[in-house]
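Presented below is the structure to which this report refers.
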Amino acid sequence: MPIQFTIYRISPSLGLFPFLLILLSSGCGRKNFYAETQVINPAVYKQLQEIPDSIDSVTVQAGSHYQRGFLYNALWGVRHRDAWAAPVTVPVLRLGTVKGGLEIEKIGGGMQTINATMVGGDGMTYSLRTVDKRPEIKLPFLLRKTFLSDIVLDQTSALHPYADLVVAPLARAAKVPHANPVLVYVGPNETQLGKHKELLSDRLYMLEEKYNDKRALVGELAEAYNIVGTNKMLKHRKNSSRHSIDQLAYAKARLLDLLIGDRDRHEGQWEWAVYEQDGEHTYRPIPKDRDNAFYVYDGGILSWLLSRKWTFRKYVSFSGKYRDVKALAIKAAYLDARALSAVTVHQFDSLAHDLQRSITDGVIEQAVRELPGSVYRMQGKSLARKLKSRRDKLDEAARKLYDVLAEDVLVTGTADEEEVEVVRLDENETEVTVRRKSDSKITYHRIFHRSETDEIEIHGMADNDSLVERGQVRKGIKFSIEKDSVQYKNKSNSQIKARRKKLAVEGMEE
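Quick note on numbering: UniProt numbering labels position 441 of the sequence shown as 441, and the sequence is numbered without any gaps.
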């Protein structure tokens, strides 16, 4: 997906920082920021142009344009510039032979991050994604041709160009569904691309399976009956209590995100395999787009300032420590609230320990060996050491993520008629149970602790839903119920009277 930066929207709390940034960036920008070609050897590039089939592999640099001098690096950081500039030898993609022959189905990403969906002769769908990203620049007109525009384009250097290659074997060990990317180069003026020749030619790509519809229901996904995107999954979940998320499977995938420092896990970064049994539909997550794994941003003076908790906290960098688990959860907050609300601290702890056992030293060492040789020699041992350190501390990070999620919990109802039962077990514990009225099936249950949770929000109730409150306590967890324009809030948590044991949601008053 395109990376968007709006650099001129700087927090007023930074004082003189915007003026310093503009002052340091007021020179002219590069006339051509990106390299003319990623192929290193001009003679090889010329041969590819003239006799495309005569060369099977090429040596390229994914992003030589991210190389910078000492002063720039001191201000903005070294990041992953060495990996972007490293010479990497990759095969030239032959569309007519790979995967039984690849044909383009559609193009996504425009001129920013190009993502071509391709269909193989084997019936599987594949994604051809550019390794280099081209951020969309949103700057005032007077700044578009200044050095500031180069700074925006340079933000891609914080991404690791080959992260996907390392993540795949880690996901395999964790038993989290994943694609198996390979590096390929599409030659200049590749005729088999047809009308897309100019757009797709002369680029370095990741070619991987694309799990976006029924054609991808193979292997470990063979028992599913469909694959859908997050928006469709949430719509089905809202419309019927017979559609539910496998929250433990999603929690495991999110712990893998923590391990690799993937800070960009918004709704668009997931597909969902759908399973059916006895009329109940379960959605299990398929993570995709690992562009932000091993993200490094804060190595320079200015980037360090920009990534503080009081500025842009979400730009948290990967290291051997979990510097800020809450920052890693910012972009996933909307989905996490709806897909992790039933997971307990004991379940998080159990999943973390399972991953610690599954992702052994051997798994990590083999995973980093998937890096191109030149990159492994520069980063392999360091990356393995950091991953082992994070693996060893994963249970602690899981607890921190749980604490973030437990503070304010969202319980989502559905369009089906349901009964919500809130029981004050004592001043510390509050039990919430949701039952489907048609067959009394429990669709949600959890016991909350006042030491962890400030408020429970219950959303999306149908017209004939009902609330049952039990138990009398002096003080307990706040909870609220919202349905369209009707809202009920238990703000004071004073004693709950017996006459309010069962109330229709419609017409409730505070």
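Backbone N, C-alpha and C fix where the C-beta goes; we use that ideal spot for every residue, glycine too.
Beta-carbon spacing of residue i, residue j below 7 Å
i           : j    : result
R391        : Q356 : yes
A85         : S64  : yes
L234        : A224 : no
P285        : Y250 : yes
G100        : D122 : yes
E421        : I447 : no
G362        : L371 : no
K214        : N226 : yes
S127        : K210 : yes
P295        : A397 : First, the amino acid is wrong: residue 295 is Tyr here, not Pro. No, the Cβ-Cβ distance between Y295 and A397 is not below 7 Å.
residue 514 : V92  : Lying before the first or after the last residue shown, residue 514 is absent from the chain, which here runs from 1 to 510.
V411        : I458 : yes
F479        : Y402 : no
Nearest residue (CA-CA) to residue i, options the options
i    : options                : result
I260 : L234, D246, R290, H243 : R290
E208 : H243, N292, Y297, N115 : N115
I477 : A462, T130, D454, S127 : D454
S54  : P161, K106, D246, G187 : G187
Q49  : R81, L148, N189        : N189
L425 : S358, D408, V434, R450 : R450
I330 : T282, E370, R265       : R265
E276 : K252, I245, L255       : I245
P135 : N180, T113, A74, S127  : T113
T130 : K175, S149, Q67, S201  : S201
V98  : V182, G108, S149, K133 : V182
R399 : G120, K326, A74        : K326
D154 : V345, Y34, V468        : Y34
V228 : Y205, Q269, E220       : Q269
A342 : D150, K106, T433, K175 : T433
I151 : L165, Q67, Q47, W272   : Q67
I107 : S438, H160, K197, T156 : K197
P52  : I456, A462, Q192       : Q192
Other residues of its chain near residue i: CB distance less than 8 Å, five sequence neighbours each side excluded
i    : result
P87  : I40, T59, V60, Q61, S374
D257 : R265, P287, L328, A332
L340 : Q247, Y250, A251, R254, L405
K386 : F318, S319, G320
Sequence-distant residues of its chain with Cβ nearer than 7 Å to residue i (five each side left out)
i           : result
V78         : G299
R436        : S241, D416, E418, T443
residue 511 : In the structure displayed, the chain extends from 1 to 510; residue 511 sits before or after that span and is not available.
Cβ neighbour criterion (16 or more within 10 Å) applied to residue i
i    : result
E36  : exposed
N292 : buried
L394 : buried
F70  : exposed
L199 : exposed
G413 : buried
S440 : exposed
W310 : exposed
E271 : buried
R377 : exposed
Residue interval of the alpha helix (DSSP H) (run including residue i)
i    : result
S382 : 381 to 392
Y250 : 247 to 260
D164 : 163 to 174
E457 : Counting along the chain, E457 falls outside any alpha helix (DSSP H), though it belongs to the beta strand (DSSP E) covering 455 to 459.
E198 : 197 to 200
Contact set for residue i: own chain, Cβ-Cβ below 6 Å, skip 5 residues either direction
i           : result
Y297        : A158, S303, S307, Y315, S317
H178        : A168, A171
A384        : I364, E365, V368
V423        : E431, R470, G471
E267        : T230, L335
H236        : H243
residue 542 : The first residue shown for the chain is 1 and the last is 510, placing residue 542 beyond what the model contains.
T89         : S57, T59
N464        : E417
M111        : Note on M111: pLDDT 49, under 50, position unreliable in the model; the coordinate value appears next. For M111, where only same-chain residues beyond five positions count, there are no Cβ hits under 6 Å.
E103        : V119
D164        : P181, M206, R290
T156        : K133
Enclosing beta strand (DSSP E) for residue i [first to last residue]
i           : result
E105        : 102 to 108
E469        : 466 to 470
P91         : 87 to 91
residue 588 : The chain is shown from 1 up to 510; residue 588 falls before or after that span and cannot be answered.
H231        : Checking the displayed sequence, the identity of residue 231 turns out to be Asn instead of His. Per DSSP, N231 belongs to no beta strand (DSSP E); it is in the alpha helix (DSSP H), 230 to 239.
F448        : 442 to 449
G120        : 115 to 120
Q61         : 57 to 61
D408        : 408 to 412
E286        : The question names Glu, but residue 286 is Ile in the sequence shown. Where I286 is concerned, the enclosing beta strand (DSSP E) stretches over 280 to 287.
L128        : 125 to 130
R203        : 203 to 209
H424        : A small correction: the amino acid at residue 424 is Arg; His does not occupy that position in the sequence shown. Its beta strand (DSSP E) spans residues 418 to 424.
CB contact check: residue i to chain B, cutoff 7 Å
i    : result
A342 : Although the question refers to chain B, the structure presented lacks it and comprises just one protein chain.
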